[in-house]
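Protein chains in written order, with the working numbering: chain C, 1 to 750; chain R, 1001 to 1081. C-beta atoms are modelled at their ideal positions from N, C-alpha and C, and glycine is treated no differently. Right, one structure below, let's go through it.
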Amino acid sequence: MAFDQQKDQQFKYIGTRPKRQDGIDKVTGQAKYGADTYQAGMLHGSIVRSPHAHARILKIDTSEAEALDGVKAIVTRADFATGLTGENWNILENIMADKRALYDGHALAAIAATSPLIARDAAKLVKVEYEPLPHVTDIVDAISGGAPIIRESSIEANVPEGYHKNICRRFECGKGDVEVGFGEADLIVERDFFTEATHQGYIEPHACLAHMTPDGKGELWCTTQGHYNVQRICAALLGIETSQLKVTASEIGGGFGAKTTVFIDPVACALSRKANRPVKMVMNRSEVLRATGPASSSWSTVKVGMKKDGTITAAQGTYRLQGGAFPSAPSESPAQVTFAPYDIEHAEMVGLSVLTNRPKQAAYRAPGAPMGVFASEQVLDEMAHELGIDPIDLRLKNAAKEGTKGVHGPTYKRIGLIETLEAAKAHPHYSIPLKENQGRGVACGFWFNFGGSTSVSMALSEDGSVALSIGTPDIGGSRASMALMAAEVLGIPYEDIRVTIADTASLGYNDNTHGSRVTYAVGLATIEACKSATQELCKRAAGEWGIDPEAVEWEDGYARPSGPNAGSFEPLSLKQLAAKMTQTGGPINGHFEASPQTAGPGFATHLVDVEVDPETGKSTVIRYTVVMDAGKAIHPDYVEGQMQGGAVQGIGWALNEEYVYGEDGRLQNTVFLDYRVPVASDLPMIDCVIIEVPNPGHPFGVRGVGETSIVPPLAAVANAVSAASGVRQTRLPMSPPRVLKSMKEGKVVG
Amino acid sequence: MVEVQLWASLQSYAEGQKVVTVEARNIREMLAALVARHPGLKVFIDEGVSVAINGEIYADSLVEPIPEGAEVVLMQRLRGG
Chain C
1 MAFDQQKDQQ
11 FKYIGTRPKR
21 QDGIDKVTGQ
31 AKYGADTYQA
41 GMLHGSIVRS
51 PHAHARILKI
61 DTSEAEALDG
71 VKAIVTRADF
81 ATGLTGENWN
91 ILENIMADKR
101 ALYDGHALAA
111 IAATSPLIAR
121 DAAKLVKVEY
131 EPLPHVTDIV
141 DAISGGAPII
151 RESSIEANVP
161 EGYHKNICRR
171 FECGKGDVEV
181 GFGEADLIVE
191 RDFFTEATHQ
201 GYIEPHACLA
211 HMTPDGKGEL
221 WCTTQGHYNV
231 QRICAALLGI
241 ETSQLKVTAS
251 EIGGGFGAKT
261 TVFIDPVACA
271 LSRKANRPVK
281 MVMNRSEVLR
291 ATGPASSSWS
301 TVKVGMKKDG
311 TITAAQGTYR
321 LQGGAFPSAP
331 SESPAQVTFA
341 PYDIEHAEMV
351 GLSVLTNRPK
361 QAAYRAPGAP
371 MGVFASEQVL
381 DEMAHELGID
391 PIDLRLKNAA
401 KEGTKGVHGP
411 TYKRIGLIET
421 LEAAKAHPHY
431 SIPLKENQGR
441 GVACGFWFNF
451 GGSTSVSMAL
461 SEDGSVALSI
471 GTPDIGGSRA
481 SMALMAAEVL
491 GIPYEDIRVT
501 IADTASLGYN
511 DNTHGSRVTY
521 AVGLATIEAC
531 KSATQELCKR
541 AAGEWGIDPE
551 AVEWEDGYAR
561 PSGPNAGSFE
571 PLSLKQLAAK
581 MTQTGGPING
591 HFEASPQTAG
601 PGFATHLVDV
611 EVDPETGKST
621 VIRYTVVMDA
631 GKAIHPDYVE
641 GQMQGGAVQG
651 IGWALNEEYV
661 YGEDGRLQNT
671 VFLDYRVPVA
681 SDLPMIDCVI
691 IEVPNPGHPF
701 GVRGVGETSI
711 VPPLAAVANA
721 VSAASGVRQT
731 RLPMSPPRVL
741 KSMKEGKVVG
Chain R
1001 MVEVQLWASL
1011 QSYAEGQKVV
1021 TVEARNIREM
1031 LAALVARHPG
1041 LKVFIDEGVS
1051 VAINGEIYAD
1061 SLVEPIPEGA
1071 EVVLMQRLRG
1081 G
């Protein structure tokens, strides 16, 4: 559908804000999360973890633990598949060490016992003989001369000779010739920036219940962003056929990317297989922080050249991201994303993945992008101030639009960056006078968004209600959005549609709930599945009337004769047709399977005001506005939820959150009291402005919104704190001691 | 003919070329032709790539047709959270 037609679409249900269908279950405690399922004869699992940041495992003696009354099974690496390669091997190595413990908290063995207490006691009886090895946890130290080499075998072919051997991947992209661009500049700024690892901080820890049976089959209940992915990985790690393991996704208490992989699920399966009983595993918060993926820490070097009028002539960046002891840091992401909002003729970006003795990093909303944007958007801010140009005007001057060739390669179709900037500039927030010790920050962000493989089915009941089955766990209200889209196509009330997250045995393959893909891709599949049902409904009506199916159209819940030769018949409602479906040809269902590929990119502009206490260095966010292009907001509450959630997580990342490692390489802050995420009392209301520049690749114009919202806030908050403190803040988190010190010394230091 | 734009760090595996011209009707044929022309690219293509055709990024499709004269950009496989 053409863009202009999409703009003019009139909707009956889309854009309304009905109550979420899972709301009552959640507020009454009826919703079943990962830890909320039980089975008769169920055992409880516990994991033995390394206290060393890096050590050779010389021997694991489980005999004492096995002898403890109530212990039914113990597994080590020997109980998993061999011969794995690539990411499957990396995942197995992360969830159960083989010859070396690679970080503090690395799993070495697991126990299943008749109670959680016995399992934990037994874990203490497992005797592990270690040979401690030198370790490194800091990204700068890791690529400095004397750092221990973590895993030389993981270095990829495109890492040039002479690089430190803890750099395992190198990616470079760009356009033009940066030397030419810098030669044209009136002002050049180059700075280094550092961010710490932060955890995704989901409230619900990882939890699962596995039941493997002697016939080689199994069932797994777990909290995850993608149960088909869990099924695939578990099957590979256990050495069984994928279809023999049925996986059901529980309700999920947050994931933010980190529940797109597995940590305990294959372990529970292995324990269950060995014990021949169901095994439940639930991580505690310390385990979550020590052994599940935080986002990478980073060290970025950014250089920008600019003319006096604010035109960017060249941009150059090197983004180093540490991914723990595994080659998984998403360093290509900041290289592609940081300057993507701008039309720049000369750009050169390099991403480097760095190995350290930390847990395997996991995706965290727009993985890798916030760290890079923290650097690039601060340099632009500094240059705007130096040149006396309004920071939004500077971004508008350079903003990418339809037809701009992005620095990452592709030429943009219709995008909404300029609309977000204009809306931000026009917002009352931008003109509120600031008081003493207050500063205002602006930052933009981009994220690709993508589609991914999707299966959806819908079944019509004889009373005219509809059961819609999707295969993507609902993190942010997607069931409500799917029901709205189905209601729009079918022309029946939202309340008549029940959306279920189907298990892996009940619906075809679905990619994870990630990549900001669900409302776009699953929505598109829902629309097409419902359309296939309306085609059948039209056919049934045509049969009733004795006319050609082509002479019937579906409109607002009714089959109607269409065209001059169709005849005159009283329209038939969905309920009327459903009531007769068994006599008119059988059940009416719809389905759609595809890998939609036309996800429109997302852009956002964030505004934030911060007050810095000059006596303590404490930064308080006093006002925050998110302006984002959603394409079309299907359920605006949940679009705003994503916008607010991204901003809040970004505020935490910017001001408080960090992984603190001791000299011994052990994580020092393993509980939420010491790892402090922002809570409601720390925050103002996050104001949201939804921009709707429809995505030409979606029937209703949807763009993903789950990730773009976390791209700008680190930089936006840093720009505000920099303005309030008078010192450019180049290192996160901007904790009170660090900001205070910077104000006293006039610069940020480690 | 399709002109495929490589990301910069692949150029050393394609005799320094930023753009490689191959005969291909879809992504599968394009990737195969790239590997046939420059075998050093195989390891990176096998690891997974995304392909942008006229500004639309195909995360993991092999079957997408490539129109004559299209802008084609090879990209690292997209990942999300």
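Checklist entry - Can you find a C-beta in chain C that's less than 8 Å from the C-beta of GLY1055 of chain R? => result Taking the second sequence and counting its residues from 1, one reaches residue 1055 of chain R at position 55. It does; some Cβ of chain C falls within 8 Å.
Checklist entry - From what residue to what residue does the beta strand (DSSP E) around ARG498 of chain C run? => result Residue numbering aside, residue 498 of chain C sits at position 498 when the first sequence is read from its first letter. Element bounds for ARG498 of chain C: 497 to 501.
Next on the checklist: Quick check on MET1075 of chain R - is its C-beta less than 8 Å from some C-beta in chain C?
Outcome noted: Position 75 of the second sequence, counted from the start, is the residue given in the question as residue 1075 of chain R. Cβ-Cβ to chain C under 8 Å: yes for MET1075 of chain R.
Checklist entry - Are ALA110 of chain C and VAL75 of chain C close, meaning C-beta to C-beta below 8 Å? => result Against the first sequence, residue 110 of chain C aligns to sequence position 110. Against the first sequence, residue 75 of chain C aligns to sequence position 75. Cβ distance < 8 Å, so ALA110 of chain C and VAL75 of chain C count as in contact.
Checklist entry - Given a threshold of 16 other Cβ atoms within 10 Å of its Cβ, counted over all protein chains shown, does GLN30 of chain C qualify as buried or as exposed? => result One-based indexing of the first sequence puts residue 30 of chain C at position 30. GLN30 of chain C comes out exposed.
Next on the checklist: Whole angstroms are fine: how far does the CA of MET485 of chain C sit from the CA of GLY226 of chain C?
Outcome noted: Here residue 226 of chain C refers to the residue found at position 226 of the first sequence. Here residue 485 of chain C refers to the residue found at position 485 of the first sequence. Using only the alpha carbons, I get a separation of about 22 Å.
Item to check | Contact belief for THR605 of chain C with GLY697 of chain C at Cβ below 8 Å, rounded distance in angstroms | outcome: On the first sequence, residue 605 of chain C is found 605 positions in, with the first residue counted as 1. On the first sequence, residue 697 of chain C is found 697 positions in, with the first residue counted as 1. 23 Å between Cβ atoms; not a contact.
Item to check | Cβ pair ALA73 of chain C, ALA112 of chain C closer than 8 Å | outcome: Taking the first residue of the first sequence as position 1, residue 73 of chain C is located at position 73. Taking the first residue of the first sequence as position 1, residue 112 of chain C is located at position 112. It is a contact, given that the beta carbons lie within the stated cut-off.
Item to check | Inter-residue CB distance, VAL379 of chain C and VAL189 of chain C (contact presumed, cutoff 8 Å) | outcome: Counting from 1 along the first sequence, the entry for residue 379 of chain C is found at position 379. Counting from 1 along the first sequence, the entry for residue 189 of chain C is found at position 189. Going by Cβ atoms, the distance from VAL379 of chain C to VAL189 of chain C rounds to 5 Å, so yes, they are a contact pair.
Checklist entry - Within this structure, are the beta carbons of ALA507 of chain C and LEU537 of chain C separated by less than 8 Å? => result Along the first sequence, one-based indexing puts residue 507 of chain C at 507. Along the first sequence, one-based indexing puts residue 537 of chain C at 537. A small fix is needed here, since residue 507 of chain C is Leu in this sequence, not Ala. Contact: no.
Next on the checklist: I need the straight-line Cα distance from ALA1036 of chain R to VAL1019 of chain R, nearest angstrom please.
Outcome noted: Numbered from its first residue, the second sequence carries residue 1036 of chain R at position 36. Numbered from its first residue, the second sequence carries residue 1019 of chain R at position 19. Approximately 15 Å, taken between the alpha carbons.
Checklist entry - Can you list, in chain order, the residues of the stretch 412 to 445 of chain C whose Cβ is nearer than 7 Å to any Cβ on chain R? => result TYR412, LYS413
Next on the checklist: In this structure, how does DSSP classify LEU434 of chain C when only helix, strand and coil are distinguished?
Outcome noted: Position 434 of the first sequence, counting from 1, holds the residue named residue 434 of chain C. In the structure shown, the three-state DSSP call for LEU434 of chain C is coil.
Checklist entry - So, helix, strand or coil for SER709 of chain C, using DSSP? => result Within the first sequence, residue 709 of chain C is the residue found at index 709, counting from 1. Of the three classes helix, strand and coil, the one that applies to SER709 of chain C here is helix, per DSSP.
Checklist entry - Whose CA, out of C:VAL748, C:ASP25, C:VAL648, C:GLY324, lies closest to the CA of ALA363 of chain C? => result Mapped onto the first sequence, residue 363 of chain C falls at position 363. ALA363 of chain C has its Cα closest to that of C:GLY324, out of C:VAL748, C:ASP25, C:VAL648, C:GLY324.
Checklist entry - So which residues on chain R does PRO330 of chain C lean against when the C-beta distance must stay under 8 Å? => result Taking the first sequence and counting its residues from 1, one reaches residue 330 of chain C at position 330. Near PRO330 of chain C (Cβ distances below 8 Å), the residues of chain R are ARG1079.
Next on the checklist: List, in chain order, every chain R residue whose beta-carbon is nearer than 8 Å to that of GLY491 of chain C.
Outcome noted: Locating residue 491 of chain C in the first sequence gives position 491, where the first residue counts as 1. Result: empty, since nearest Cβ-Cβ is about 31 Å, beyond 8 Å.
Checklist entry - Is it the case that the Cβ atoms of GLY34 of chain C and SER286 of chain C are separated by a distance below 8 Å? => result Taking the first sequence and counting its residues from 1, the one referred to as residue 34 of chain C is at position 34. Taking the first sequence and counting its residues from 1, the one referred to as residue 286 of chain C is at position 286. Not closer than 8 Å, so no.
Checklist entry - Can you find a C-beta in chain D that's less than 8 Å from the C-beta of PRO713 of chain C? => result No chain D is part of this structure, whose protein chains are labelled C and R.
Next on the checklist: Using a Cβ-Cβ distance cut-off of 8 Å, determine whether CYS173 of chain C contacts chain R.
Outcome noted: Residue mapping note: residue 173 of chain C aligns to position 173 of the first sequence, counting from 1. It does; some Cβ of chain R falls within 8 Å.
Checklist entry - Roughly how far, in whole angstroms, is the beta-carbon of MET482 of chain C from the beta-carbon of ALA533 of chain C, given that I think they are within contact range, below 8 Å? => result Position 482 of the first sequence, counted from the first residue, corresponds to residue 482 of chain C. Position 533 of the first sequence, counted from the first residue, corresponds to residue 533 of chain C. Actually they do not touch by this definition, with Cβ atoms about 14 Å apart.
Checklist entry - Using a beta-carbon distance below 8 Å, is HIS514 of chain C in contact with chain R? => result As a position in the first sequence, residue 514 of chain C is number 514, starting the count at 1. Among the residues facing chain R, HIS514 of chain C is included, as its CB has a counterpart in that chain under 8 Å away.
Item to check | Rounded Cβ spacing between ILE470 of chain C and VAL552 of chain C (contact assumed at less than 8 Å) | outcome: Locating residue 470 of chain C in the first sequence gives position 470, counting from the first residue. Locating residue 552 of chain C in the first sequence gives position 552, counting from the first residue. That belief does not hold up - the Cβ atoms of ILE470 of chain C and VAL552 of chain C are roughly 28 Å apart, past 8 Å.
Checklist entry - Could one say the Cβ of VAL1004 of chain R lies closer than 8 Å to chain C's Cβ atoms, at least one of them? => result Along the second sequence, one-based indexing puts residue 1004 of chain R at 4. No, because no Cβ of chain C sits closer than 8 Å to the Cβ of VAL1004 of chain R.
Checklist entry - By how many angstroms is the C-alpha of ALA119 of chain C removed from the C-alpha of GLU64 of chain C? => result Taking the first residue of the first sequence as position 1, residue 64 of chain C is located at position 64. Taking the first residue of the first sequence as position 1, residue 119 of chain C is located at position 119. Each residue's alpha carbon lies about 13 Å from the other.
Checklist entry - beta strand (DSSP E) containing SER297 of chain C: first to last residue? => result As a working mapping, residue 297 of chain C is identified with position 297 in the first sequence. 297 to 306 is the span of the beta strand (DSSP E), which, as asked, contains SER297 of chain C.
Next on the checklist: Per DSSP, what are the beta-bridge partners of ALA113 of chain C in this structure?
Outcome noted: What you label residue 113 of chain C is simply residue 113 of the first sequence in a count that begins at 1. Looking at the DSSP assignment, ALA113 of chain C forms a beta bridge with C:HIS44, C:VAL71.
Next on the checklist: Using only the alpha-carbon positions, how far apart do ARG498 of chain C and ILE264 of chain C sit?
Outcome noted: Position 498 of the first sequence holds residue 498 of chain C. Position 264 of the first sequence holds residue 264 of chain C. Distance between the alpha carbons of ARG498 of chain C and ILE264 of chain C is about 31 Å.
Checklist entry - By a C-beta neighbour count over all protein chains shown, 10 Å radius and 16 as the cutoff for buried, is ASP4 of chain C buried or exposed? => result The residue given as residue 4 of chain C occupies position 4 in the first sequence. A caution first: ASP4 of chain C carries a pLDDT of 48, below 50, which makes its placement in the model unreliable, though a value can still be read off. ASP4 of chain C counts as exposed, since fewer than 16 other beta carbons sit within 10 angstroms of its beta carbon.
Checklist entry - Relative to the C-alpha of VAL608 of chain C, which residue among C:LYS175, C:VAL626, C:LYS580 is closest? => result Position 608 of the first sequence, counted from the first residue, corresponds to residue 608 of chain C. It is C:VAL626 whose Cα lies nearest to the Cα of VAL608 of chain C.
Checklist entry - Going by DSSP, what residues sit across from TRP554 of chain C in a beta bridge? => result As a position in the first sequence, residue 554 of chain C is number 554, starting the count at 1. C:ALA559, per the DSSP bridge assignment.
Checklist entry - Using a beta-carbon distance below 8 Å, is PHE326 of chain C in contact with chain R? => result What you label residue 326 of chain C is simply residue 326 of the first sequence in a count that begins at 1. For PHE326 of chain C, not one C-beta of chain R is nearer than 8 Å to its own C-beta.
Checklist entry - Tell me the DSSP bridge mates of GLN1076 of chain R? => result On the second sequence, residue 1076 of chain R is found 76 positions in, with the first residue counted as 1. Beta-bridge annotation (DSSP): GLN1076 of chain R is paired with R:VAL1049.
Next on the checklist: I believe PRO636 of chain C touches GLY15 of chain C by the beta-carbon criterion, under 8 Å. Please report the beta-carbon distance rounded to the nearest angstrom.
Outcome noted: Translated into the one-based positions of the first sequence, residue 636 of chain C becomes position 636. Translated into the one-based positions of the first sequence, residue 15 of chain C becomes position 15. Their Cβ separation, rounded to whole angstroms, is 7 Å, which keeps PRO636 of chain C and GLY15 of chain C in contact under 8 Å.
Next on the checklist: So for PHE365 of chain C, helix, strand or coil by DSSP?
Outcome noted: Residue 365 of chain C sits at position 365 when you count from the first residue of the first sequence. The identity of residue 365 of chain C in the sequence shown is Arg, whereas the question assumes Phe. Reduced to three states, the DSSP call for ARG365 of chain C is coil.
Checklist entry - Does any C-beta atom of chain R lie closer than 8 Å to the C-beta of TYR364 of chain C? => result Sequence index remark: in the first sequence, residue 364 of chain C carries index 364 (1-based). Yes - at least one Cβ of chain R is within 8 Å of the one on TYR364 of chain C.
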